[in-house]
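Data block below; observations after.
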Amino acid sequence: MEKIIVRGGNQLRGTVKVEGAKNAVLPVIAASILAGRGTSHIYDVPQLADVYTMKEVLSNLNIDVKYVDGKFTVNAEKPLKTEAPFEYVRKMRASFLVMGPLLARVGKARIALPGGCAIGSRPIDQHLKGFEAMGATVEIGNGFIEARIDGRLQGAKIYLDFPSVGATENIMMAAAMAEGTTIIENAAEEPEIVCVANYLNAMGAKVRGAGTGEIRIEGVDELVGAEHTVIPDRIEAGTFMVAAAITKGDVLVEGAVSEHLRPLIAKMGEMGVKIIEEENGLRVVGPEKLKPVDFKTMPHPGFPTDMQAQMMALLLAAHGTGVITETVFENRFMHVEEFRRMNSNIKIEGRSAIITGPNNLQGAEVSATDLRAGAALIIAGLIADGVTRVMELKHIDRGYVNLAGKLQALGADVERIEEELEEEIENLEAPAPLQIKSI
Ligand SMILES: CC(=O)N[C@H]1[C@@H](OP(=O)(O)OP(=O)(O)OC[C@H]2O[C@@H](n3ccc(=O)[nH]c3=O)[C@H](O)[C@@H]2O)O[C@H](CO)[C@@H](O)[C@@H]1O
Ligand SMILES: C=C(OP(=O)(O)O)C(=O)O
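Going by full-length UniProt numbering, the letters in the sequence shown line up with residues 1 to 439, in that order.
Given below as structure tokens:
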């Protein structure tokens with residue numbers, strides 16, 4: 001089993017480059033199913049476990065997919081299969097994003113039910129409500145959701161009860177080839193939605209208003225393959241920003257887009273972190289003494305839930321008490337137990353975590369309960385006394401390319417290692433037992 005080993009105490013310095021956004025590339029790859037003609041070329045595709053899972057999902061649908069050197073090529077001209085089995089959906093909930101495109105292209109999709117995950121039950125009722133409003137029938141049974149439509153999906157007005165990112169994307173993709181106009185009200189406004197809409201439009205779709213709460217999609221008869229570059233990953237960028245700040249470091253996060261990071265920049269600024277906009281990214285300079293802040297996670301442009309755990313790590317180092325309220329997911333505080341193993345003072349009251357610092361963090365063996373929790377534990381390890389060992393790296397690999405290597409390049413004492421190898425190194429380092437010869 002692999003683990004990441006962090007020895008605290010080093011300041012981060014230098015430049016780190018941000019990858020293409022995981023949460024944009026997954027729906028973009030799903031959207032490429034809509035092209036009945038031509039090949040799509042998608043650039044800046046990060047080498048993540050989730051990208052490989054999505055590649056498998058598409059191959060399984062009889063789609064030709066190639067992924068070489070950050071470029072993803074998709075050709076969906078052959079007759080499509082319509083099923084995404086549990087082995088994929090279990091690994092990655094975003095597999096469910098193929099439902100909208102399949103319904104639009106072939107009028108049928110059978111996808112395994114996503115089920116719950118570490119951060120909450122995560123229902124998909126808003127996706128299904130959208131498809132039903134567009135005329136599809138939806139049946140659930142034997143662990144699958146099957147949606148069908150005779151003929152084409154029909155444009156509809158759909159009000160989302162919550163601005164769900166996935167539901168907005170799934171409905172937007174389905175509506176791109178529906179008959180007539182679809183209006184999504186209370187749509188999610190995340191930058192990733194805009195990235196998907198731009199790709200759809202490059203394929204010939206007519207999507208307007210992405211990035212606002214009302215998206216208007218005029219359905220077209222056909223979409224064709226197109227070229228598209230994925231936006232930089234604002235959550236990866238934010239993760240390095242926090243890592244730089246906690247070590248009182250000075251790091252240029254190359255490719256970070258300030259427009260996508262407003263809530264994080266504001267809150268880190270309130271904590272005393274200096275964030276300077278440079279031509280090619282954001283430079284982050286950590287202060288001697290961090291101040292505490294309160295914040296609530298919210299849909300964009302509110303504070304992103306995907307940065308909550310990393311910011312909790314930063315609050316552990318702040319002088320005073322800060323309160324984090326998680327409103328997007330009902331159970332996204334699994335990392336608190338792991339932080340406690342590192343000697344931290346955190347209280348949970350309902351949906352809020354109360355963090356009092358500064359904490360004298362101690363290295364410990366901890367588990368990445370989800371991908372952001374994993375990143376947050378590594379960040380805490382950067383200032384902990386002694387050695388932090390982070391396990392369950394499969395979660396981290398879903399969303400971060402070479403996180404340990406990138407931190408190491410910035411000067412952190414971080415390495416990724418096989419458990420057996422660590423034992424061997426420890427044995428080598430241990431002093432040889434004293435030999436007493438009998439006379
Ligand atoms: C691949 C991807 O892009 N993942 C992101 C996406 O996930 P995802 O698209 O799954 O997140 P949603 O915005 O859909 O979910 C937000 C909340 O709405 C609820 N909900 C959602 C859909 C639905 O039909 N019914 C319902 O009740 C969820 O349980 C959750 O409590 O947005 C989340 C919120 O910013 C991020 O944390 C994830 O990193
Ligand atoms: C929760 C996340 O992703 P997913 O929706 O893919 O689980 C995340 O990226 O933090």
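The beta-carbon is built from N, C-alpha and C at its ideal position, and this holds for glycine as well. None of these values were measured; they are calculated from a predicted model.
| Check | Outcome |
| --- | --- |
| As assigned by DSSP and simplified to three states, the class of residue 407 | helix |
| Other residues of its chain near residue 40: CB distance less than 6 Å, five sequence neighbours each side excluded | 32, 74, 225 and 226 |
| Span separating the alpha-carbon of residue 1 from that of residue 420 | 8 Å |
| Boundaries (first-last residue) of the alpha helix (DSSP H) holding residue 288 | No alpha helix (DSSP H) contains residue 288, which DSSP labels as neither H nor E. |
| Residue 158 versus residue 114 - alpha carbon distance | 22 Å |
| Straight-line gap, residue 187 to residue 197 (C-alpha atoms, nearest Å) | 13 Å |
| Assigned secondary structure, residue 243 (DSSP; H/G/I helix, E/B strand, else coil) | helix |
| Local Cβ density within 10 Å of residue 436, reported as buried at 16 or more and exposed below that | Reliability of the predicted coordinates at residue 436 is poor, the pLDDT of 45 falling under 50, and no value is obtained from them. |
| Closer than 6 Å: residue 306 CB and nearest ligand 2 heavy atom | yes |
| The alpha helix (DSSP H) enclosing residue 44, as first and last residue numbers | Unbroken run through residue 44: none, as it is neither H nor E. |
| Under the three-state DSSP convention, the category residue 327 falls into | coil |
| Contact under 7 Å by Cβ, residue 273 with residue 251 | no |
| Assumed close pair residue 7, residue 410 - CB separation to whole angstroms, cut-off 8 Å | That belief does not hold up - the Cβ atoms of residue 7 and residue 410 are roughly 14 Å apart, past 8 Å. |
| Any alpha helix (DSSP H) of 4 or more consecutive residues that is wholly inside the region 329-363 | 334-341 |
| Separation of residue 51 from residue 395, as counted between CA atoms | 13 Å |
| C-beta contact flag for residue 147 and residue 109 at 7 Å | yes |
| Nearest candidate by alpha-carbon position, reference residue 299, set 231, 263 and 150 | 263 |
| Cβ-Cβ distance between residue 361 and residue 373 below 7 Å | no |
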